[in-house]
Structures are given as C-alpha cells and as structure tokens.
Amino acid sequence: MPPSATIPSARRRATLLVLALLLGLAMLILGANHLVHRAGADQVEATLQAWQDQDPDVPGLHLRWADYDRDSGDLQYRVRYVPEANSLPWQLLADLQGTNTPRLETSGSAQVTTRGLVGLLGTAAQVEGALGVSDTWRAILPDFEGQEWLRYHVNVDTRGRHQLVLAGLPYEGDIMDDRGKRTGETTWRPWSLETRLASEDRIAHLEASLPRLWLREQGGELDTLVENLTLRMEDAFLEEGLLTLGAANLSVGQFSLEDPDNTLVLRDLAMNWHNHRDKDRFRDRMDLSLGRVNINGDRVLDEARLQLSSDLGFEPLRDLMTLSESLDLEGDLSQREAERLAAAFTTLLRQGGEIRLEQLSLTQEAHGSFKGHAALGLTKNPEFTLGGELQQLDNLYGDVRLTFDEPLAQSLMERSIRAQWPHVSEAHVEQMVAQQWREWSAILGMMPFVTAWEDERITLALELEAGVLKVEGRQVMNLRDVMGMF
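Numbering (our numbering), first residue to last: 2 to 487.
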C-alpha cells in the first residue's frame with residue numbers, strides 16, 4: 002500500500018489536532034459555563050435563605066417563603082413589609098388596619114436567568130417579575146383591576162453595578178379600613194423608579210416619576226393632589242452615616258391641599274441640592290424655587306426663590322445626627338437624654354460653622370417684591386458652652402440685608418387682618434391697614450439699620466462682627482448689651 006494511503010499527511014494531522022483542541026475547548030467552555038450557571042443558582046438560593054433568616058420583627062422588607070426552581074429559573078415567593086414605628090407608613094397602616102402592629106404582605110413571581118461565563122463580564126443574572134395584589138392589599142385598596150400592582154426588572158452585576166427598574170400599575174377607587182368601611186378614595190397614574198448602583202453601597206443614578214396622586218378622605222375633610230412629581234439623584238451614598246449627594250433634584254408641577262375651610266395650591270416647585278465632605282468639614286447647598294401660590298383662591302405669590310448653604314464640622318454633625326435618630330425628639334426627653342443632646346450640640350458649635358441664606362426673594366406682581374440675604378457664623382472655640390458667659394457672643398459674626406416694597410408689606414398686613422377679623426367690612430380693613438402702616442413707618446424711621454427709603458422701597462442692612470452690631474461699618478450697639486437686657 003502506498004505510503005500516502007496509510008500515513009496521514011502533515012496537513013491532515015494538523016487539522017485533526019486543531020479539531021481535537023477545539024472540541025476540548027468547547028467541552029471545557031461548556032463545563033465551565035455549566036459550573037458558572039450552577040454557582041449562580043447556588044448564589045440565588047443562598048441569598049433567598051439569608052433574606053428568609055432575618056428577624057421578622059425588625060422593620061423592613063422580609064421574605065416569608067420562597068420556592069426556586071434551579072432548572073427553569075422560576076421563583077415564587079411571599080414578602081412582608083414591617084414599617085418603622087411611628088413613621089408615616091406606620092401611622093397610615095395602623096389607622097387603616099386598626100392595630101398597633103401594622104403589616105403588609107404580598108406574593109410575587111419572577112424569572113431568574115443566570116448568564117454563565119458571559120455574565121463574568123458584567124451582568125451575571127437577570128430577574129424579571131411582579132408583585133401581586135394580596136389579601137392585605139385588597140382589604141385596603143379593593144379596586145385594583147388586575148392581579149399585579151408592581152412589575153420589576155433587575156440586572157445583577159459582578160462588579161456591584163446592579164440595575165433596578167420598577168413600574169407601578171395605576172389605581173382608581175376606594176380606600177377601606179379594617180372593618181370594611183369606606184374611608185376615602187384615591188387615584189394614581191402609572192409610576193416608575195429606575196436606579197443604577199456604582200457599587201454595592203453607592204447609587205450612581207436614580208430617577209423616579211409620579212404623574213398624578215390624588216387622595217380624598219370620606220366626607221371631603223381633606224383633599225390632596227400631587228401632579229408631575231419627579232426625583233433625580235446622582236452619586237448618593239452614606240459617608241459614616243451622613244447622606245452625601247453629588248446632585249439631587251425634586252420637582253412638583255402642582256400640589257394642592259383642601260379642607261372645608263382652606264385651600265392651598267402651589268405650582269412649579271423645584272428643589273436642587275448637593276453636599277460633600279471636605280476634610281473635617283461638611284458643606285451643603287440647597288436651591289428652592291416656587292411658582293404661583295394661591296391661598297383660598299387669592300394669589301399670594303407669583304414667584305419665590307430660596308438659596309441656602311451651610312459649613313459645619315463633619316464628625317460632630319455625624320454624631321449629633323446619629324444621636325438624634327436614636328431619640329424620640331417629638332416626645333419628652335429624660336434629663337439624661339437632654340444632657341446628651343446638649344453635649345452633642347455643644348461639640349458641633351465648638352468646631353465653628355456658618356449658615357448662609359444666599360438669596361431670598363418673594364415676588365407679587367401686583368404689589369412688588371421682597372429680596373434679601375443673610376449669614377450667621379460662629380468661629381471655632383474649644384471653650385464654647387451653651388450656657389456660658391456673654392463674652393462668647395464675640396465669636397459670632399454675620400450680616401443681613403433686606404429690601405422690600407411698601408405695597409407688598411401693606412398687602413401682607415391686609416391678609417393678616419382679614420384672617421383675624423374675617424367679618425370686618427372692606428372700609429374698616431383699609432382703615433386698619435393704614436393705621437398699622439403709619440405705626441410701622443414711624444418705628445422703621447427710628448431704626449438705625451434702615452439704610453434707604455426711596456420710591457416706596459425700603460432697605461435694611463446690619464452687620465455683626467466680634468459681638469458688635471454695625472450698619473455700613475458704623476458701630477450701633479454691642480450684642481452683649483442687648484442680650485444682657487434679657
């Protein structure tokens with residue numbers, strides 16, 4: 002037999018070797034992929050078990066039970082929500098359920114997809130599911146059209162950059178109490194929340210929206226409407242217990258609150274804020290703007306703006322906030338608790354700090370405006386005490402400058418008089434406003450801090466330096482003397 006027929010050529014041997022290597026590599030990849038899938042399923046089971054092992058009486062979201070099919074990825078579960086005692090959700094649920102231990106339970110289903118080796122590059126698993134309208138939900142909100150109230154999608158990332166998308170379903174109908182009695186009605190449009198983590202304990206981006214929420218108590222005692230609410234946050238995390246925000250924005254298109262006697266309507270509310278730690282300081286800034294404000298049908302304001310900033314010691318502020326969260330500040334504090342709170346506040350003040358009202362403006366198109374800025378600071382003083390000697394006032398510094406139009410001040414006076422004496426005639430109200438303004442004008446005319454009064458526009462300015470009150474650099478009085486009078 003010719004050699005060419007019995008001995009494979011070099012090319013054929015190379016081809017067979019490559020095929021063998023490819024087959025081996027494929028088997029290796031398939032085996033590794035299977036192991037990664039199995040490891041992912043193990044992690045899902047471990048996470049569910051750890052969640053289920055949590056103390057069921059601690060406030061938060063707890064897993065009652067879960068059935069997870071490793072092969073198909075199907076997950077059936079039931080969760081229970083226990084609100085923080087005396088929080089707003091606790092109060093609402095306690096009233097509706099008629100109990101001091103309010104809880105909400107709901108069942109859900111999900112499809113868990115592990116991604117094998119591909120997931121090692123990013124998304125290790127995907128979870129897609131929904132929460133059902135359970136018996137406890139139906140008891141309070143009986144008019145849900147379907148069997149679900151929330152749908153969600155989760156991407157689990159190997160680097161901790163998890164993503165969560167929530168889509169809430171709408172509702173329109175009654176609100177019931179624990180006896181099955183109608184207590185009011187509510188409507189909300191489909192709402193959403195989307196968040197992406199930068200790491201396990203840091204939010205890279207969060208965005209939430211609620212187009213409309215309307216709530217009315219039985220009998221019309223209270224009627225509340227919120228429209229076009231949006232919330233955005235960037236780079237949010239807890240730094241030693243203090244919430245740090247790279248940027249945050251809250252906006253509300255309209256908010257209205259009505260009861261049988263009063264009506265309040267706010268439009269175009271927007272709030273922007275951010276803060277950061279700078280070595281041993283914590284710096285915070287907030288910007289609030291507001292459009293038209295109506296009270297009982299009257300236009301009170303057409304526009305408002307508030308800019309506020311602060312500079313405080315990081316560690317004492319952190320300790321004060323931690324202590325405050327552990328105390329019931331709305332109740333009666335024990336002597337020991339009050340002393341601890343005073344000590345923490347004293348430590349904060351000893352580090353020095355500043356609160357600055359960078360801008361305050363109120364505009365009423367028919368009557369003028371009010372504008373101003375102010376600042377109050379305390380220099381660092383390790384010996385400072387809350388009940389110390391008056392010379393400690395020398396550590397205070399600041400300034401204030403206000404400008405307002407006479408017609409606006411008179412308009413506010415008129416509103417105050419009408420609120421106190423609603424049955425007084427129009428002519429009498431005008432007389433009372435004129436009399437009050439004459440009295441106020443006489444008092445303002447004697448005040449040294451009134452620096453200008455021209456064309457019905459009044460300007461007030463005052464400075465505080467080393468415990469001395471000044472007006473445009475001129476010393477007016479010593480703050481120690483003023484406080485000594487009290």
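Just so it is clear, CB atoms sit at the ideal spot from N, CA and C, and this is done for glycine as well.
8 Å Cβ cutoff met for residue i and residue j
{"i": "E240", "j": "A248", "result": "no"}
{"i": "E457", "j": "P423", "result": "no"}
{"i": "E106", "j": "L132", "result": "no"}
{"i": "Y82", "j": "L62", "result": "yes"}
{"i": "F283", "j": "L318", "result": "yes"}
{"i": "L379", "j": "L480", "result": "no"}
{"i": "L461", "j": "L403", "result": "yes"}
{"i": "D303", "j": "Q365", "result": "yes"}
{"i": "M478", "j": "L465", "result": "no"}
{"i": "V166", "j": "A126", "result": "no"}
{"i": "L358", "j": "F371", "result": "no"}
{"i": "M484", "j": "L350", "result": "no"}
{"i": "Q53", "j": "A67", "result": "yes"}
{"i": "R286", "j": "N276", "result": "yes"}
{"i": "A367", "j": "V401", "result": "no"}
{"i": "D269", "j": "E222", "result": "no"}
Residue burial classification, residue i (beta-carbon count within 10 angstroms, cutoff 16)
{"i": "N101", "result": "exposed"}
{"i": "N263", "result": "exposed"}
{"i": "Q421", "result": "exposed"}
{"i": "Q352", "result": "buried"}
{"i": "E473", "result": "exposed"}
{"i": "T323", "result": "exposed"}
{"i": "G99", "result": "exposed"}
{"i": "H163", "result": "buried"}
{"i": "L244", "result": "exposed"}
{"i": "H429", "result": "exposed"}
{"i": "A343", "result": "exposed"}
{"i": "L89", "result": "exposed"}
{"i": "V253", "result": "buried"}
{"i": "V425", "result": "exposed"}
{"i": "I176", "result": "buried"}
{"i": "L198", "result": "buried"}
{"i": "G130", "result": "buried"}
{"i": "Q330", "result": "Just to set this straight, residue 330 is Leu in the shown sequence, not Gln. Per the 10 Å Cβ criterion, exposed."}
{"i": "G369", "result": "buried"}
Contacts around residue i, its chain only, beta-carbon distance under 6 Å, and the 5 residues preceding and following it disregarded
{"i": "V227", "result": "L214, F256"}
{"i": "A27", "result": "Bear in mind that a pLDDT of 42 at A27, under 50, signals an unreliable position, so the number given afterwards is only what the model happens to contain. Nothing meets the Cβ criterion."}
{"i": "A209", "result": "L194, L232"}
{"i": "R488", "result": "This structure cannot settle anything about residue 488, because the visible part of the chain is limited to 2 through 487."}
{"i": "L36", "result": "Only weak support exists for where L36 lies, its pLDDT of 46 falling under 50; the value from the coordinates is given anyway. Cβ within range, chain order: n/a, list empty."}
{"i": "D288", "result": "N273, Q308"}
{"i": "P57", "result": "H63"}
{"i": "E201", "result": "G161"}
{"i": "V155", "result": "V128, L165"}
{"i": "W192", "result": "G169, L211"}
{"i": "A271", "result": "S252, S290"}
Same chain, Cβ closer than 7 Å to residue i, neighbours up to 5 away in sequence not counted
{"i": "Q219", "result": "R183, T184, G185"}
{"i": "L258", "result": "T225, L265"}
{"i": "W91", "result": "P84, E85, P103"}
{"i": "R278", "result": "E240, T245, F315"}
{"i": "L1", "result": "Examination of residue 1 is not possible in this model, given that the chain is present from 2 through 487 alone."}
{"i": "M433", "result": "I418"}
Top-ranked residue by Cα proximity to residue i, from the options
{"i": "A467", "options": "V425, A410, L377, V434", "result": "L377"}
{"i": "S327", "options": "E146, V401, E85, G399", "result": "E85"}
{"i": "F450", "options": "D395, R439, E355, L463", "result": "L463"}
{"i": "W138", "options": "L243, D178, R162", "result": "D178"}
{"i": "L211", "options": "L230, T196, L223, A205", "result": "L230"}
{"i": "L207", "options": "G174, R180, L251", "result": "L251"}
{"i": "A1", "options": "D281, R152, G174", "result": "Residue coverage of the chain in this structure runs from 2 to 487, which leaves residue 1 outside it and unanswerable."}
{"i": "P60", "options": "N87, D299, A199, T196", "result": "N87"}
{"i": "T452", "options": "V301, L334, R475", "result": "R475"}
{"i": "A305", "options": "K381, L216, L267", "result": "L267"}
{"i": "D134", "options": "R79, D329, S417", "result": "The sequence given here has Val at residue 134, not Asp. For V134, the nearest C-alpha among the options comes from R79."}
{"i": "R341", "options": "G181, D320, I444, K280", "result": "D320"}
{"i": "G242", "options": "W441, V301, E440, S325", "result": "S325"}
{"i": "I459", "options": "D299, N382, G373, R416", "result": "G373"}
Residues near residue i by beta carbon distance below 8 Å, same chain, minus five either side
{"i": "Y172", "result": "L142, D144, F145, W150, T187, T188, W189"}
{"i": "W438", "result": "E407, A410, Q411, M414"}
{"i": "G354", "result": "S311, D312, L313, G314, G378, L379"}
**Request:** Pair every Cβ in the segment 72 to 89 with every Cβ in the segment 102 to 115, then say whether three or more of these pairs are closer than 8 Å.
**Result:** Taking 8 Å as the limit for Cβ pairs, the verdict is that the segment 102 to 115 does touch the segment 72 to 89.
**Message:** Whether or not the segment 288 to 298 and the segment 313 to 320 are in contact is what I'm after, with contact meaning three or more pairs of Cβ atoms, one per stretch, closer than 8 Å; do they touch?
**Reply:** no
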